[in-house]
Amino acid sequence: MGADPLLLGGVNLGVVILVIVKVLVAFAVLMVTVMLMVWFERKVISDMQNRIGPNRAGPFGLLQSLADGIKLFFKEDLVPDQSDRFVFKLAPYLAIVPAFLTFTIVPIGGYIDVFGYRTELQVADPPMGILLLLAMSSISVYGVMLAGWSSGSKYPLLGSVRASAQMISYEAAMGLSIVAVVLVTGSLSTRDMVISQQGSFFGVVPHWNILRLGVIPFVIFMIAITAELNRPPFDLVEAEQELVGGFNTEYSSIRFALFYLAEFMNTVTMSAVIVTLFFGGPDGPDPNFLHWLWPIIWFVVKTGVFAFIYVWLRAALPRLRYDQLMDLGWKVLIPLSLGWLLVIAGMQISKVAGFGMLVALVLGAGLLYRAFSVGKTTWGAASSLSSPAEKTPSLRRPKFGDASGSGGTRVITRITPEGVARGDTEVSNGRT
Amino acid sequence: MLAVVTMPDLVTFIAAALAALVGAVGVVTLRHPVHAALMLVMTLFAIAVLFVEQGAQFLAAVQVIVYAGAIVVLFLFVIMLLGVDKRESIMPKNAVTWQLPIGLLFVIAILIELSILTKGVWATGTHSVTAAVNGVSNIAVLARAVFTTYLLPFEATSVLLVVAVLGAVVLSRIPRASTSEELALEMESDAKEEVELG
């Protein structure tokens, strides 16, 4: 069971100071990384869109985020009249604190010796390890939700309701793909996960979880946390065309900056978590000098790759529709991750059991697909709910709030969890 | 058997206990439903800290994930969607009359019971399934206990939860379910799944 050697003995003043220093260093490094990440994202996206991007402040526009931060500090700090003042001020912190706390469990290197104390290069290594990630991602729902509600305004509320439904839906798939990692590691500690991924298959292929688990848990995890972070293509929370700016519309000044910061901090943290869970963390080739440095370099390089992938996704993919988002989460990711978990559990016992589970998974998936299609046809015939696939003009996909008259009746659409649906509240013409 | 209480333990306990108490009082005294729900989150969080303090790290994580992360979010969802997020006069002047002395009586009874319980373990039944409370986490031991010795109660609980979810779906699905109910169901089943995961 993983535990920091620093804390195994008694706790004295030196240990306390060292822990505080670790927290401060991690925070400072993360802040600088977030600033660079903002710059990196803007620069890469502008390259992909054939623009120049920020290029005035500092070399290559590197200081642009700093300039923006200073500007935001001096902006007027608005609190809307209709808002719930205390909750309105609290919400940004509920967004940013979980973002930082998640980073504390990520191992960024091996062990180092400082002033006679031996410690892990990671802020905290609690036995509950990766569960902290789940706990913090469920807390960060509050930041978004309360921000939208306390603004006392319609669009932020709609954005935050979308956000919390989305985040909670994808948390299950995320948790199930983490369970797969826990299953092969035999421990919840992130340090143990990294250690168990050391070594290689046949001396060449790294013994990383992405290969040990089959690629599927990684794919599920990647999609689920992209949705969890509300990043494109799952950024319905701040869909500008529909919701003005989403949950943070009413925010200004440094409070807005905190949300912005939390979003990018989460992006960096989640890239690091992907590396930890599926790509061996700081694992990598180690030339025979500077032993303590190489793991850190490998970790930073891998995290950078995933940070780039996030930016790439944002530039390349259009936003999903809300019903597509919910379908993907509930009807694809959760059943798939549950099924794959059974396969991995079978593989832990024996090859026969594992492949048996795989066959069962394929059969089960076929059955489920059949059930969905049957359910869709019978349900579609029973009610006037029109599926987006139907393209007939009379049954076109309805928009929220449109009331179309058809044959003397008024059909009012409303928002359901599956998206905007044509309601069956049919009343005679002229009355509502 | 009492573990040795160290200084950091004591400080953590006092801070977390204070937070839990303030939150608990806030839940029943604040007029605004959303504020009350937030106070509930604070209490749950403080109790999770107390669990960590006792070495029950898994329980602490589950407490935050399931209760703070799913169930109170569900409460908030319902409060927001049903539009009861207004200052409510839930306590008219003449509503509380005879309840007050009875409540006070119960408080005194519970305080007496608690002070008896702190003297020994006879009232709390069997000892811990994992180990003595020692501040060291033992998730593996807990897992072994749940999946071997207590497998049947564990599975029975999950069947119970599934039945509850199915019952809720059947009851609300026969006509067309209304928006908030469907949403609440989704979130509830999500919370249940997480419980089963644990």
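Chains Z and Y, in that order, are what the protein sequence lines are.
Here my numbering is used: the first residue of the first sequence is 87, the next is one more, and so on.
Here my numbering is used: the first residue of the second sequence is 965, the next is one more, and so on.
Where is the CB? At the ideal position from N, CA and C, for every residue including glycine.
When the alpha-carbon of Z:F345 is set against those of Z:R142, Z:G245, Z:Q168 and Z:A181, the nearest one is in Z:A181.
Beta-carbon to beta-carbon, Y:F1118 and Y:V1110 are separated by about 5 Å, close enough to satisfy the 8 Å threshold.
Separation of Y:P972 and Z:I198 (C-alpha to C-alpha, rounded to the nearest whole angstrom) is 25 Å. Scanning its chain for C-beta atoms nearer than 6 Å, with the 5 sequence neighbours on each side dropped, one finds around Z:I306 the residues A259, S263, L419 and S423, in chain order. Beta-bridge annotation (DSSP): Z:F287 is paired with Z:V291. Of all residues in the segment 252-267 of chain Z, the ones placed with a Cβ closer than 8 Å to any Cβ belonging to chain Y are I254, S255, E257, A258, G261, L262 and V265, in chain order. Bridge partners of Z:E206 according to DSSP: Z:Y197. With fewer than 16 other beta carbons inside 10 angstroms of its own, Z:P404 counts as exposed. The three-state secondary structure of Z:G272, taken from DSSP, is coil. For Y:Q1021, a Cβ of chain Z is located within less than 8 Å of the residue's own Cβ. Excluding residues up to 5 positions away in sequence, nothing lies with its Cβ nearer than 6 Å to the Cβ of Y:V986 in the same chain. Going by C-alpha positions, Z:V120 is about 13 Å away from Z:D154.
Straight-line measurement puts the Cα of Z:P178 at about 14 Å from the Cα of Z:F159. Residues of chain Y with a Cβ closer than 8 Å to the Cβ of Z:V227 are, in chain order, G1033 and V1037.
Here the alpha carbons of Z:F172 and Y:L1040 stand approximately 16 Å from one another. Using a CB distance cut-off of 8 Å, Z:L322 does not count as an interface residue toward chain Y. Within the same chain, and ignoring the five residues on either side of Z:L297 in sequence, the residues whose Cβ sits closer than 8 Å to its Cβ are F287 and V291.
With a 10 Å radius around the Cβ and a threshold of 16 neighbouring Cβ atoms, Z:K388 comes out buried.
At a beta-carbon threshold of 8 Å, the residues of chain Z lying near Y:A1025 are M214, L217, L218, L220 and A221, ordered along the chain. Assignment of Z:S436 by DSSP, reduced to helix, strand and coil, places it in the coil class. Residues of chain Y with a Cβ closer than 9 Å to the Cβ of Z:M231 are, in chain order, V1037, L1040, F1041 and M1044.
Contact between the segment 310-330 of chain Z and the segment 240-258 of chain Z is established, with three or more Cβ pairs separated by less than 8 Å.
When only Cα atoms are considered, Z:F392 and Z:S357 end up about 5 Å apart.
According to the DSSP assignment, Y:Q1021 belongs to the alpha helix (DSSP H) that extends over Q1021 to V1026.
The beta carbon of Z:I138 sits closer than 8 Å to those of S132, all from its chain and outside the five residues before and after it, given in chain order.
Here the segment 1008-1022 of chain Y does not lie against the segment 232-242 of chain Z, with fewer than 3 beta-carbon pairs under 8 Å apart. Between the alpha carbons of Z:F189 and Z:S459 lies a distance of about 42 Å. At a cut-off of 8 Å, the C-beta of Y:V998 has a neighbouring C-beta in chain Z.
Taken atom to atom, the span from the alpha-carbon of Z:L104 to that of Z:K157 is near 34 Å. Under the 10 Å beta carbon count, Z:D163 is surrounded by fewer than 16 other beta carbons and is classified as exposed. For the pair Z:S255 and Z:W416, the CB atoms are nearer than the 8 Å cut-off.
CA-CA distance, Z:S224 to Y:A1034, rounds to 7 Å. Here DSSP, grouped into helix, strand and coil, assigns Z:G238 to coil. With fewer than 16 other CB atoms across the displayed protein chains lying within 10 angstroms of its CB, Z:F441 is exposed. Taking Y:V1013 as the centre and dropping the five residues before and after it, the same chain places the C-beta of A980 closer than 6 Å to its C-beta, in chain order.
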